[in-house]
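In the numbering used here, the protein residues as written are 93 to 288. Below is one structure, written out as structure tokens, with a few remarks after it.
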């Protein structure tokens, strides 16, 4: 129902478990608003690699922001978004628990939600992770941690000096002959800075 910061940045992690277990889901979802707030306020002044990990079914029904606002905020702040998708778990839950309810509408909504989550991860240079059950979450987070530790960051200086806030496409590739086991995860582009 609301977007709020439960714990600020810091080196002390003793409160993390208590904070995470105090969070519960009910009623409406403001997914796009939460991403926008995290990207624009939660990461303000933070330098270096930035990542948001979202656990969601992708069904947003209450945000003031929309997908484009959330994705742009993450991209402008150079934040990769990793999504732990709950859409398949939710589909299976409803199919098993409520077989009498026509599933076609839910299937359509979940397919659209999953598509938006995949797009969000792709647009920001992250990835979608699909646990079969919530007991796998530790493994999922360990995979993200390991992936982030083994990434390289590439940079370049654009020949386009215009500070117009426009989207600029990039293409990152490696020769498969030189690096047959390399996986490329890269944003499809970036937003140019704006004149201040």
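For glycine and all other residues, C-beta sits at the position ideal for the given N, C-alpha and C.
Tell me which same chain residues have a C-beta within less than 6 Å of the C-beta of residue 101, skipping the five on either side of it?
none
Are residue 154 and residue 132 closer than 8 Å when you measure CB to CB?
no
How big is the Cα-Cα spacing for residue 169 and residue 181?
31 Å
Collapsed DSSP secondary structure at residue 188 in the structure displayed:
helix
Using a Cβ-Cβ cutoff of less than 6 Å, which residues in the same chain neighbour residue 290 once the five nearest sequence positions on both sides are dropped?
Residue 290 lies beyond the residue range present for the chain, which begins at 93 and ends at 288; the question has no answer from this structure.
Within the region 174-238, note down every full beta strand (DSSP E) run reaching 3 residues or more, in order along the chain.
none
Taking only the alpha-carbon atoms, compute the straight-line gap between residue 98 and residue 159 and give it to the nearest angstrom.
23 Å
Report the option in 126, 206 and 252 whose CA atom is closest to the CA atom of residue 284.
252
Would you report the Cα separation of residue 139 and residue 150, rounded to the nearest angstrom?
28 Å
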